[in-house]
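Colleague:
Numbering (the working numbering), first residue to last: 208 to 650.
Okay, here's the thing in structure tokens:
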């Protein structure tokens, strides 16, 4: 098992380093060939895709934290070549599964017996596999159809070593003395939560109680067949975003599901505590009866109230383009430092952050916003290319996940080309922030 799933810091570090050197050498050679006019003629897209496949293949062997990084790459909106990010989308739900014998042994160890004694049936082939575990269809002896999520070996045990490796690399890049511990602590806490399937089961129950029935379909946790490393929940029928789009749905259908995503996000905000913080395509299903299925609750965040309210206040201040209020909020959120020895750097960061905020506030200016608008999509897609280059961490550690949620949501809606009615979301935010959106967008 250790050969297939390396757990030592040295083993995992060696594999990552070897892959990095190989891919880095490929890019260096290509650059030199192009510079000397000896390019072999293959397209940039094919080149990026082949190198991404090399990275993905190695990350697949490591699983866990490494594949979480791949998921992040797949959600990138401009920093990586599009073809590279496209290959990484496999980390969302198409990772090669572990073998059948290993699945049986994990179930025996965790649940106390083999599958044939526990279930009426269990499909030996996984129907989905991602960074932390893979999922099998099964039927309970009472007739319920369920999904059984099996955690890969060594995932929880390698979090410390993987993050330790990442921290060493990051410390070489950031400014000497920069405090990166809060960011790594936040990631570690989240990964530990994601590898505790009992906690995820309780979060399924929480979201099912709050949102189930509102055209949102959430599975039921089956606690008696769950442990920290095996999760049992009722099975939802539906298709992921890629399958949905291949069916070439009409605009009305795209708008319907896009609206469900948008409203689900804002209804969570209204609760002011728990937020589903993993908005990538693998975690949502588009059901055949018009409901939005939400199927993964490992990454659920509870943000500190003061941070979250300041984060939400960025929206009306950007809509109003109140520069002083925007600056004050970014100072509170540690994005800019008013006491910096290099004020021109702070101005560059402020300009970028303000433009970023204005771009993400844009949909709220309209009664109905078209996420399929090509100009807007390109603005989002290439936004990170305009980011100031620096070596000092910026912003509260909680931005790691608020940004993930926001970017993930917009990415989904842009891929769908959905037209979104913003009235309900603005009503929710108006009540929370005591602002009149009608006055803010007049001009």
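Cβ atoms here follow ideal geometry from the backbone N, Cα and C, with glycine treated the same way. Bear in mind the structure is a predicted one, so any value in this text is a computation, not a measurement.
1. Please specify which runs of the beta strand (DSSP E), each continuous and at least 3 residues long, are wholly inside the region 500-580, giving them in chain order.
2. Quick check on residue 488: buried or exposed, where buried means 16 or more other Cβ atoms within 10 Å of its Cβ?
3. Less than 6 Å between C-beta atoms, sequence neighbours within five positions excluded: which residues of the same chain meet that for residue 385?
4. Would residue 425 and residue 418 qualify as a contact pair, given that the criterion is a beta-carbon distance under 8 Å?
5. Opposite residue 441 in the DSSP bridges: which residues?
6. Mind reading off the beta-carbon distance from residue 330 to residue 348? Whole number of angstroms is fine, and I expect it under 8 Å.
7. Mapping DSSP to helix, strand and coil, what is residue 465?
8. Reducing DSSP to helix, strand and coil, say where residue 311 ends up.
9. Does the region 567-574 come close enough to the region 619-633 to have 3 or more Cβ pairs within less than 8 Å?
10. Quick one: grab the DSSP three-state call for residue 483.
11. Which residues bound the beta strand (DSSP E) around residue 341?
12. Which residues in the same chain as residue 322 place their Cβ atom closer than 7 Å to its Cβ, once the five residues preceding and following it in sequence are excluded?
13. What residues in its chain sit with their C-beta under 7 Å from that of residue 351, if we drop five residues either side in the sequence?
14. Check for me: the beta strand (DSSP E) holding residue 491 runs from which residue to which?
15. Using beta-carbon positions only, say whether residue 168 and residue 387 come within less than 8 Å of one another.
16. Answer with buried or exposed for residue 353, where buried requires no fewer than 16 other C-beta atoms within 10 angstroms of its C-beta.
17. Could you tell me the distance, in whole angstroms, from the CA atom of residue 327 to the CA atom of residue 318?
18. Do residue 400 and residue 406 have their C-beta atoms within less than 8 Å of each other?
19. What did DSSP end up calling residue 427 once you bin it into helix, strand or coil?
20. Ends of the beta strand (DSSP E) at residue 627?
21. Using the beta-carbon count (16 or more within 10 Å), is residue 623 buried or exposed?
22. Taking residue 422 as the reference, give the member of 369, 408, 309, 465 with the closest Cα.
23. Sort 517, 467, 320, 450 by Cα distance to residue 605 and report the nearest one.
24. Looking at residue 404 and residue 437, is the spacing between their C-beta atoms short of 8 Å?
25. Use the C-beta contact count for residue 308: other C-beta atoms within 10 angstroms, 16 or more gives buried, fewer gives exposed.
26. Helix or strand or just coil, what does DSSP make of residue 647?
27. Across which residues does DSSP place residue 328 in a beta bridge pair?
28. How about residue 587 and residue 617: do their beta carbons lie closer than 8 Å?
29. Do you know offhand how far residue 493's Cα is from residue 625's?
30. Residue 499 and residue 471: beta carbons closer than 8 Å?
31. Buried or exposed for residue 645, please, with buried defined as at least 16 other CB atoms from any protein chain shown within 10 angstroms of its CB.
32. Roughly how many whole angstroms lie between the Cα atoms of residue 342 and residue 364?
33. Helix, strand or coil for residue 358? Go by DSSP, reduced to three states.
34. Would you be able to state if there are at least three C-beta pairs under 8 Å between the region 550-557 and the region 508-524?
35. I'd like to confirm the pairing. Which residues does DSSP put opposite residue 335 in its beta bridges?
36. Grab the span of the alpha helix (DSSP H) containing residue 390 for me, first residue to last.
Modeller: By the coordinates alone:
1. Listed in chain order, they are 507-509, 575-577.
2. Buried: at least 16 other Cβ atoms inside 10 Å.
3. These residues qualify, in order along the chain: 599, 600.
4. yes
5. 353
6. So it is not a contact: roughly 16 Å between Cβ atoms.
7. helix
8. helix
9. yes
10. strand
11. Element bounds for residue 341: 340-346.
12. Excluding its 5 nearest sequence neighbours in each direction, residue 322 has C-beta neighbours in its own chain below 7 Å: 311, 314, 329, listed in chain order.
13. In the same chain as residue 351, and ignoring 5 residues on each side of it, the C-beta atoms closer than 7 Å to its own belong to 441, in chain order.
14. 491-493
15. Any question about residue 168 goes unanswered here, given that the chain covers just 208 to 650.
16. buried
17. 15 Å
18. yes
19. Look at residue 427 here: in three-state DSSP terms it is coil, with no helix or strand label.
20. 626-628
21. buried
22. In this structure, 465 is the residue among 369, 408, 309, 465 with its C-alpha nearest to the C-alpha of residue 422.
23. 517
24. yes
25. exposed
26. Correct three-state label for residue 647: helix.
27. Checking the DSSP bridge columns, you'll see residue 328 partnered with 346.
28. yes
29. 14 Å
30. Yes.
31. exposed
32. 20 Å
33. strand
34. no
35. 342
36. 388-401
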